[in-house]
Ligand SMILES: NC(=O)c1ccc[n+]([C@@H]2O[C@H](COP(=O)([O-])OP(=O)(O)OC[C@H]3O[C@@H](n4cnc5c(N)ncnc54)[C@H](OP(=O)(O)O)[C@@H]3O)[C@@H](O)[C@H]2O)c1
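In UniProt numbering, the protein residues as written are 1 to 215.
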């Protein structure tokens, strides 16, 4: 089972939809179990596929892969909440971009650990793999399966098997190409690129995505 913590949010909904459409068993985690159930029921109706919903800890306990799709300032609290449910062999996937709004602009708030994913890895039990992915995709297009995603997805991580597993799952999203982005320490570069994407979207509108040539 795959958990999407923060699956009630913009990006989380899109991840849950795409994974369910790819035939995966998905559970949405929320700080309020009732909210998780409600959003899961709405998404299930939208795509005619079963998606479960529950509280964050319960969702983690049911799952071996956990997408963390929450604001960066919530990382510490969230990890405290879900740690008791993590087991050796689990994979935690950070999609988090540490952005803050300054006036009408977005700015990168690089954590002292180097990146949101690195911060998560430092606070996560040793036998749980932390992978960084999906920061540079437009959430709206993930939520609208009729539209092509038309995006590359950089995947970073230090455990090759876990990284490959997540890349295979991402490749199941139509018109998404997973690209191995090297070690988790590269996540700061991807998170910064996501910041640029958000700014370009603010300036130009639409749904901006990135395709790399030559790979
Ligand atoms: N939106 C995009 O296009 C996009 C693209 C790439 C990456 N990202 C990154 O993906 C992450 C999620 O983005 P989003 O736009 O979906 O965010 P969001 O809608 O602001 O939040 C996602 C969910 O996180 C939970 N949450 C909110 N505040 C929280 C708190 N203080 N503590 C714990 N949980 C909290 C909420 O779920 P519950 O209330 O159900 O608990 C919320 O629905 C962010 O880090 C963002 O930078 C976003």
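The C-beta atom is built at its ideal place from N, Cα and C for all residues, glycine as well.
For this session: Would you identify the three-state DSSP class for residue 179, choosing helix, strand or coil?
Result: In the structure shown, the three-state DSSP call for residue 179 is strand.
Exercise. Can we say the region 75-88 touches the region 136-154, given the rule of at least three CB pairs closer than 8 Å?
Worked result: Counting Cβ pairs under 8 Å, fewer than three are found: no touch.
Exercise. Residue 89: beta carbon under 7 Å from a heavy atom of ligand 1?
Worked result: No, since every heavy atom of ligand 1 falls outside the 7 Å radius drawn around the Cβ of residue 89.
Exercise. Any idea what DSSP makes of residue 113, helix, strand or coil?
Worked result: The answer is coil: DSSP assigns residue 113 none of H, G, I, E or B.
For this session: Compute the Euclidean distance between the alpha carbons of residue 115 and residue 192, then round it to the nearest angstrom.
Result: Near 9 Å, if we compare the C-alpha coordinates of residue 192 and residue 115.
For this session: Determine contact between the region 38-46 and the region 64-74, defined as no fewer than three beta-carbon pairs at a distance below 8 Å.
Result: Result no; under three Cβ-Cβ pairs closer than 8 Å.
Problem set entry | Inter-residue spacing [alpha-carbon to alpha-carbon] between residue 176 and residue 32 | So the alpha carbons of these two residues sit roughly 31 Å apart.
Exercise. Should the region 129-136 be called in touch with the region 102-114, which here means at least 3 C-beta pairs below 8 Å?
Worked result: Output reads no: the region 102-114 does not touch the region 129-136.
For this session: Measure the C-alpha to C-alpha separation of residue 7 and residue 214 and round it to an integer number of angstroms.
Result: Answer to the nearest angstrom: the Cα atoms are 34 Å apart.
For this session: Using three-state DSSP, classify residue 104 as helix, strand or coil.
Result: In the structure shown, residue 104 sits in coil (DSSP, three-state: anything other than H, G, I, E or B).
Problem set entry | Where residue 98 falls, given that 16 or more other Cβ within 10 Å makes a residue buried | The residue in question, residue 98, is buried, as its Cβ has 16 or more Cβ neighbours within 10 Å.
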